[in-house]
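>
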Amino acid sequence: MDKSKVYKSEEVRLKRLAKRLMLPHSYKKVGAWLLGLSFLALVILKINMGELGIYRTALKQLMLVGLLFMAISKEEIEDEMIVNLRAQAFSLSFICGIIYALVQPYINYGVAAVVAPEKAIYEEFGTFIILWFMLTVHLLFFYVLKKAR
Amino acid sequence: MRNRIKIERATLDITQEELARKIGVSRQTVNSIEKNRYVPSTVLALKISKLFEKSVNDIFELEEED
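Residue numbers (the numbering used here), protein chains in the order written: chain A, 2 to 150; chain B, 2 to 67.
1) What do you reckon, are the CB atoms on Val138 (chain A) and Cys97 (chain A) nearer than 7 Å?
2) Quick check on the burial criterion: 16 or more other C-beta atoms within 10 angstroms. Buried or exposed for Gln29 (chain B)?
3) By DSSP, does Phe95 (chain A) sit in helix, in strand, or in coil?
4) Of all the CB atoms in chain A, is at least one closer than 7 Å to the CB of Val26 (chain B)?
5) Taking Arg10 (chain B) as the query, report the chain A residues whose CB atoms sit under 9 Å from its CB, ordered along the chain.
6) To the nearest angstrom, how far is the alpha carbon of Ile57 (chain B) from that of Asn4 (chain B)?
7) If we define contact as Cβ-Cβ less than 7 Å, is Glu12 (chain A) a contact residue for chain B?
8) Provide the residue span of the alpha helix (DSSP H) that contains Val145 (chain A), from first to last.
9) Could you work out which residues of chain B lie near Ile78 (chain A), taking near to mean beta carbons separated by less than 9 Å?
10) Can you grab the Cα-Cα spacing for the pair Thr58 (chain A) / Lys147 (chain A), in whole Å?
11) Taking 8 Å as the cut-off, does the region 56-71 of chain A touch the region 21-31 of chain A (at least 3 CB pairs, one atom from each stretch)?
12) Just to confirm, is the Cβ distance from Ser39 (chain A) to Leu65 (chain A) under 7 Å?
13) By the criterion of Cβ-Cβ separation under 9 Å, what are the contact partners of Arg57 (chain A) in chain B?
14) Which residues in the same chain have their Cβ closer than 8 Å to the Cβ of Val7 (chain A), if we skip the five residues on either side of it in sequence?
15) Using beta-carbon positions only, say whether Phe143 (chain A) and Ala90 (chain A) come within less than 7 Å of one another.
16) Which same chain residues, not among the five before or five after Lys7 (chain B), have their C-beta less than 8 Å away from its C-beta?
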């Protein structure tokens with residue numbers, strides 16, 4: 002099979018997938034509620050139960066799902082400028098996320114080494130912190146870019 | 002890139018909102034294009050030129066820095 006035909010069909014498939022991945026505008030509210038409620042549940046359970054175990058992980062993941070819903074739900078009028086701004090926000094948050102994941106552990110280690118050298122250990126971030134950072138940075142950049150247009 | 006959308010819109014006596022509805026974008030997008038903060042795609046530029054019954058070159062003009 003001709004290589005260019007393979008590339009073309011992959012391009013069409015990827016574009017279709019990208020379109021399907023976007024949620025309707027109403028999911029923005031669903032995401033916000035999910036984020037708020039899971040955060041509230043996390044705080045309440047922490048106060049009442051102390052150690053939460055698996056519930057803590059599940060609630061934190063629900064918060065990420067809420068943020069994801071907010072990030073990939075369409076605007077009321079989803080035109081080409083919005084698509085453009087969203088792409089910019091995604092690329093910025095992706096780059097910031099990588100830099101944050103690579104650099105911040107060294108900063109934390111450096112600060113700890115100065116403040117309390119005996120407790121200073123190099124610790125990489127977990128998935129939750131990095132995903133949380135990327136999603137919030139994306140939402141922030143998208144909001145700022147929209148307001149600045 | 003400069004454009005004459007505001008002038009053409011005034012000639013037709015239509016608001017940003019009406020123009021936005023006719024070309025299928027938001028009012029904010031029309032506003033951004035008018036203020037040269039956003040350069041529209043070829044498809045959108047052609048829709049605008051069709052609506053104003055002028056060629057794309059009559060509405061959009063390259064500047065020296067472009």
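All residues carry an ideal CB built from backbone N, CA and C; glycine is no exception.
Result, derived from the coordinates:
1) yes
2) buried
3) helix
4) yes
5) Listed along the chain, the chain A residues whose CB falls inside 9 Å of the CB of Arg10 (chain B) amount to none; the nearest CB is some 17 Å away.
6) In the sequence as presented, Ile is not what sits at residue 57 (chain B); that position holds Val. Their backbone Cα atoms lie some 10 Å apart in a straight line.
7) no
8) Thr128 to Ala149
9) Residues of chain B passing the Cβ test: Ala21, Gly25, Val26, Ser27, Arg28, Gln29 and Thr30.
10) 33 Å
11) yes
12) no
13) The premise fails here: Arg57 (chain A) is roughly 41 Å from chain B at the closest Cβ pair, so nothing lies under 9 Å.
14) none
15) yes
16) Glu35
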